[in-house]
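For reference, the structure discussed in these notes is given below.
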Amino acid sequence: MGDQTEQIAKAFTDHYYQAFDQNRGALSSLYSDQSVLCFEGQKCQGSQAIISKLTTLPFQRCQHKITSLDSHAVPSAGVLVFVTGQLLTEGESRPMAFSQVFHLAPLNNSWVVTNDIFRLNYG
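Convert by adding 316 to the 1-based position in the sequence shown; the result is the number in the numbering used here.
Written as structure tokens, this is what we have:
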């Protein structure tokens, strides 16, 4: 499942960050009512609460640049994805480093984010 896991992780992250950068509301289909987001230490659960958090961040436009992407199959089904990169928000000239972890679970011939952890990397 190694190559397949990498393909799933790459396709997911391409879609996720493109949607995040262009229309965060479109991410709602990637989360379920049981999904949990921890964004800079603030936790929220459920698709509606997660999208509310993401669409009310203090910037409207941003651009993600992925610098590394690692993935592993999860024995109980699913894919664990670890991303590092740079985030450039509107009005800023210096990008911020970030890390993000996703646990993807299969659901109806697709994938849903069950857990999402995001942190800016300082220092």
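We treat Cβ as the ideally placed atom computed from N, Cα and C, and that holds for glycine.
Under the DSSP assignment, T383 falls in the beta strand (DSSP E) whose first and last residues are 378–389. In the structure shown, R435 falls within a strand segment according to DSSP collapsed to helix, strand and coil. For A393, the three-state secondary structure derived from DSSP is coil.
S368 and S348 do not touch by the CB rule: their CB atoms are close to 15 angstroms apart, not below 8 angstroms. Assignment of S345 by DSSP, reduced to helix, strand and coil, places it in the helix class. By the criterion of at least three beta-carbon pairs nearer than 8 angstroms, the stretch 405–413 is not in contact with the stretch 331–342. Going by DSSP, S415 is part of the beta strand (DSSP E) stretching over 412–423. The stretch 354–363 makes no contact with the stretch 381–390: fewer than 3 CB pairs, one atom from each, lie closer than 8 angstroms.
In the DSSP assignment, the residues bridged to K359 are C354.
Between G401 and K381 a beta carbon distance of about 5 angstroms is seen, short of the 8 angstroms cut, so the two are scored as contacting. DSSP links T405 through a beta bridge to C378. Of all alpha-carbon atoms in L346, R340, S415, V352, the one lying nearest the alpha-carbon of S384 is that of S415.
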